[in-house]
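Visitor: In the order they appear, the protein sequences are chains A and B. Heads up: the first sequence at position 198 corresponds to 198 in my numbering, and the numbers run straight through without jumps. Heads up: the second sequence at position 194 corresponds to 1194 in my numbering, and the numbers run straight through without jumps. Beta carbons are placed, not taken as given, at the ideal position from N, Cα and C, and that holds for glycine. Predicted model, so just to flag it, every value in this text is computed and none were measured.
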Amino acid sequence: MNTLFDKIWDAHVVSLIADGPTQLYIDRLYCHEVTSPQAFDGLRARGIKCLRPKQIFCMPDHNTPTHDQDKPIVDPVSKAQVDALARNAAEFGLTHYGMMSPDNGIIHVVGPEKGLSLPGMTIVCGDSHTSTHGAVGAVAFGIGTSEVEMVLASQCILQQKPRSMSIRIEGELGRGVSAKDVALYLMSKLTTSGATGYFVEYRGSAVRSLSMEGRLTLCNLSIEMGARGGFIAPDETTFAYLKGREYAPKGEAWDRAVEKWKTLRSGEDAVFDKELVFDAADIRPMITYGTNPGMGMPVDGSIPADAAPKALDYMGFQAGQKLLGHPVDYVFLGACTNGRIEDFRAFASLVKGRRKAPGVTAWLVPGSWAVKRQIEEEGLDTLLAEAGFEVRQPGCSACLAMNDDKIPAGKYAVSTSNRNFEGRQGPGSRTLLASPLTAAAAAVTGVVTDPRTLLSPVCHPELAEGSPAL
Amino acid sequence: MKQKFDIIESTCVPLPLENVDTDQIIPARFLKATTRDEKFFGDNLFRDWRYNADGSPREGFVLNDPRYGGCILVAGKNFGSGSSREHAAWAIAGYGFRVVISSFFADIHKNNELNNFVLPVVVSEDFLSELFEGLAADPGLKVRVDVPAQTVTNLSTGRSERFELNAYKKYCLTNALDDIDYLLEQKGKIEDFERNRQ
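Here's what the structure looks like:
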């Protein structure tokens, strides 16, 4: 009652079906190439058009190669899917940012950075990580292809209203602890189904102190706790991030919008269906040891005694084992989870003055061309190159390995992506999810390493002394 | 495929694993199809659990066990977590399942099943564990799912439970109508909503 979720949801109710779902109006639909072709086929089969084409934005991201994007895609099946999106967008009159367009990138990186995702909106996409856009104070959630077809056809969707959950994180995050660690910590506490059926509002001083990039990372991972979405009430951080972006309101319209957005917060008397509180000081850099994102632990911890045997068998680990010092074959920085400028800054700050460990293959994939341009403007590409790293071209890449970036069977990858499911990064691949800092620490040492031991020794002189890289 | 639901009585395929994610139901490399070819997706249902890398069937996986069959899949809790890919529901439908029984479904996948005329039936943990035990002892065990009455019955023990299904969705399933059919009739309401929010 009187939560921000209620306010945004209720403002978009077109009708209520008796003993049924709500007909919800959708402000923004994003389409990528994987989950949309069958929806466009559906429109053609019914002989109908899109009701509101101006509210729909399309871009390929899952299949795009991370090198030589100026050449045709080699895999004919991937190419067919990317081409189909361009064709469908043209046929139905939708905005399309094709491969090599300066506006292209991962849909969940591009939406916020172009100001297409704004506070108070309802936003959907045929992709579970649509929850990302909640960071701007929107109700954003992933849907299936049939539901994409519903929105294409009617700008509406039929949904049961989820319950509301408040997750409050109070206090200050420790040095070397990022939004990714907060999310992995929450998942390890709630499991991958702990928030199923809920929409989460993240609150508390630790959440407020996160940058926009950090908030996008936190909200991105809401689905990994089972939540349909997660969001953060808009504040000065949000407004500062959005101001001047291409699709954000301008001039007087901006001032009016900000006044309205300032009212988007849960009431003092708000009643959530569930409330959880965590202490930021309890959160350490995290890493996963198993085959779902809830199987996580502090990077310097030991695998729990009751860890699922099937998962440990797949990963080649044993209960009670420590992962510190475990060899790493691949490092992946990128995805809609950690493919933003701040993630590259964090990674670069740790590898500065060090070298990529021999034997480690590192894929650094920006989330968009805009991120890649900013990496170059800030000179991070040069710094990374000096340390032996190459910045590739944008796309989803090794997060789900639909392009050529596949982790080979049996190999260990420290990955900043969002899922460590069996075979997710390539058949037989073994994924350890972690933050950009922890990924950087693995990249320069070749083993699982607590990134705090490689940070400047001011805070942890005793830890830094034993660091393998110094 | 749109099809009418009434009473289904069938043997079952048990998959007593928890947290089965949609990457396992249909791995990402099979998502490149641009058509809704249910046979293709059905052939690749649980691909990496069902087949070895060389394409030979993996012994011990239930879909390769000739003792089990039928149009009801029985799965451990938190079925369908992870990716929103509707291809997972297409694979389940394409293989020939019409009902999935579990004690808990992930949200997006549950909607995807319903939108593809696969019925997710939520039962209690007790009902589910008794059903798994029954199926282990007797692969011929049958279950009856009565959609009009919203009941699910283990025909071996006679144990029956009522399952949730809202009146709207029940009407759709029993009449083979989908949500888009409904929404297309609502254009007036949508335009009114857009005018009123200006």
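1) Would you identify the three-state DSSP class for A/ALA469, choosing helix, strand or coil?
2) Name, going along the chain, the residues of the segment 22-43 of chain A whose beta-carbon falls closer than 8 Å to a beta-carbon of chain B.
3) I want to see whether chain B comes within less than 8 Å of A/THR196, judged by CB atoms only; does it?
4) Cβ closer than 9 Å: which chain A residues qualify as neighbours of B/SER1102?
5) Return no unless some Cβ of chain A is closer than 8 Å to the Cβ of B/ASP1065.
6) Assign A/HIS96 to buried or exposed, taking buried as 16 or more other Cβ atoms, counted over all protein chains shown, within 10 Å of its Cβ.
7) In three-state DSSP terms, what is A/MET59?
8) Ordered along the chain, which non-local residues of its own chain (more than five positions away) have a Cβ less than 6 Å from that of A/VAL34?
9) Could you give the distance in angstroms between the alpha-carbon of A/GLY426 and the alpha-carbon of A/TYR330?
10) Identify each residue in the segment 282-304 of chain A for which the Cβ-Cβ distance to at least one residue of chain B is less than 7 Å, and report them in chain order.
11) Check whether chain A comes within 8 Å of B/SER1083, counting only Cβ atoms and requiring the distance to be less than that.
12) Applying a beta-carbon distance threshold of less than 8 Å, which residues of chain B neighbour A/MET402?
13) Taking Cβ positions, are B/THR1157 and B/ARG1144 nearer each other than 8 Å?
14) Check whether the segment 149-157 of chain A touches the segment 411-428 of chain A, counting contact only when three or more Cβ pairs, one atom from each stretch, lie closer than 8 Å.
15) Would a check of beta-carbon distances place A/ALA153 closer than 8 Å to chain B?
16) Under 9 Å between beta-carbons, which chain A residues line up against B/ASN1166? List them in chain order, please.
17) Distance cutoff 8 Å, beta carbons only. Does B/ASN1044 sit that close to anything in chain A?
18) Please classify A/GLY176: does DSSP put it in a helix, a strand, or coil?
19) If you run the structure through DSSP and keep just helix, strand and coil, what is A/SER36?
20) Excluding five sequence neighbours on each side, which residues of the same chain lie with their C-beta closer than 8 Å to the C-beta of A/ILE48?
21) Write down the C-beta distance between A/VAL109 and A/GLY367 rounded to the nearest angstrom, noting that I regard them as a contact closer than 8 Å.
22) Note down, in chain order, every chain A residue with its Cβ under 7 Å from the Cβ of B/LEU1173.
23) Should the segment 53-70 of chain A be regarded as contacting the segment 390-404 of chain A, the criterion being three or more beta carbon pairs within less than 8 Å?
24) Is it buried or exposed, A/GLY466, if we count other Cβ atoms within 10 angstroms and call 16 or more buried?
25) Using a Cβ cut-off of 7 Å, pull out every chain A residue sitting near B/LYS1039, in sequence order please.
26) Can B/PHE1041 and B/ILE1026 be called in contact, C-beta distance under 8 Å?
27) Roughly how far, in whole angstroms, is the beta-carbon of A/SER302 from the beta-carbon of A/LYS322, given that I think they are within contact range, below 8 Å?
28) Under 9 Å Cβ-Cβ, which residues of chain D neighbour B/GLN1186?
29) Examine chain B for any beta-carbon lying closer than 8 Å to the beta-carbon of A/PRO72, and answer yes or no.
30) Among A/ALA240, A/TRP369, A/ARG345, A/LEU364, which residue has its Cα nearest to the Cα of A/GLY334?
31) I want to verify the contact list: residues of chain B whose CB lies under 8 Å from the CB of A/ILE143, in sequence order.
32) For B/GLU1009, would you say it is in contact with chain A, using Cβ-to-Cβ distances shorter than 8 Å as the test?
33) With distances taken between CB atoms, is the gap from A/ALA385 to A/GLY446 smaller than 8 Å?
34) Judging by CA-CA distance, which residue of B/VAL1062, B/ASP1043, B/ASN1019, B/PHE1005 is the nearest neighbour of B/ALA1136?
35) Mapping the DSSP letters down to three states, classify A/LYS411 as helix, strand or coil.
36) Is it a yes or a no for the segment 19-33 of chain A touching the segment 1186-1196 of chain B, going by three-plus beta-carbon pairs under 8 Å?
Guide: According to the structure data:
1) Unreliable placement is indicated for A/ALA469, whose pLDDT of 39 sits below 50; the coordinate value is still reported in the next sentence. When secondary structure is reduced to three states using DSSP, A/ALA469 falls in the coil class, being assigned neither helix nor strand.
2) Of all residues in the segment 22-43 of chain A, the ones placed with a Cβ closer than 8 Å to any Cβ belonging to chain B are GLN23, TYR25, VAL34, THR35, PRO37, GLN38, ASP41, GLY42, in chain order.
3) True, the Cβ-Cβ gap to chain B drops below 8 Å.
4) Chain A residues near B/SER1102: none, gap ~11 Å exceeds 9 Å.
5) Judged by the 8 Å Cβ criterion, B/ASP1065 is not in contact with chain A.
6) The residue in question, A/HIS96, is buried, as its Cβ has 16 or more Cβ neighbours within 10 Å.
7) Three-state result, A/MET59: coil.
8) For A/VAL34, the CB contacts under 6 Å within the same chain, skipping 5 residues up- and downstream, are HIS62 in chain order.
9) The alpha-carbon separation between A/GLY426 and A/TYR330 amounts to approximately 12 Å.
10) Those would be ASN292, in chain order.
11) Chain A contact via Cβ: present.
12) Neighbourhood of A/MET402 in chain B, by CB distance below 8 Å: ALA1028, ARG1029, LEU1031, LYS1032, in chain order.
13) With respect to the 8 Å criterion, B/THR1157 and B/ARG1144 are not classified as neighbours on the basis of their beta carbons.
14) By the criterion of at least three beta-carbon pairs nearer than 8 Å, the segment 149-157 of chain A is not in contact with the segment 411-428 of chain A.
15) Cβ-Cβ to chain B under 8 Å: yes for A/ALA153.
16) Result: ILE17, ASP19, GLY20, PRO21, GLN160.
17) Chain A, which has no Cβ nearer than 8 Å to the Cβ of B/ASN1044, makes this no.
18) Correct three-state label for A/GLY176: coil.
19) Note: A/SER36 maps to coil in three-state DSSP.
20) Sequence-distant Cβ neighbours of A/ILE48 in its own chain, meaning closer than 8 Å and more than five residues away, are ALA153.
21) Distance from A/VAL109 to A/GLY367 at the Cβ level is roughly 3 Å; contact confirmed, criterion being Cβ atoms closer than 8 Å.
22) Correct list: empty, because the minimum Cβ distance to chain A is about 12 Å.
23) Inter-segment contact for the segment 53-70 of chain A and the segment 390-404 of chain A is present: three or more beta-carbon pairs are separated by less than 8 Å.
24) Low per-residue confidence applies at A/GLY466: pLDDT is 39, beneath 50, and the placement is therefore not dependable, though the value from the model is reported in the following sentence. Taking all protein chains in view, the Cβ of A/GLY466 is surrounded by fewer than 16 other Cβ atoms within 10 Å, so the residue is classified as exposed.
25) Residues of chain A with a Cβ closer than 7 Å to the Cβ of B/LYS1039 do not exist; the shortest Cβ-Cβ separation is about 14 Å.
26) Result yes, Cβ atoms of B/PHE1041 and B/ILE1026 sit closer than 8 Å.
27) In this structure A/SER302 touches A/LYS322 by the C-beta definition: roughly 5 Å separates them, less than 8 Å.
28) Absent from the structure is chain D; the protein chains it does hold are A and B.
29) No, A/PRO72 does not count as interfacial toward chain B.
30) A/LEU364 is the residue among A/ALA240, A/TRP369, A/ARG345, A/LEU364 whose C-alpha sits nearest the C-alpha of A/GLY334.
31) Those are SER1084, ILE1108, ASN1111, listed as they occur along chain B.
32) Using beta-carbon distances, B/GLU1009 does not count as an interface residue toward chain A, since no partner is under 8 Å.
33) At the C-beta level, A/ALA385 and A/GLY446 stay beyond 8 Å of one another.
34) With distances taken between Cα atoms, B/ALA1136 lies closest to B/VAL1062.
35) Residue state, collapsed to three classes: coil.
36) Flag = yes, the segment 19-33 of chain A and the segment 1186-1196 of chain B touch.
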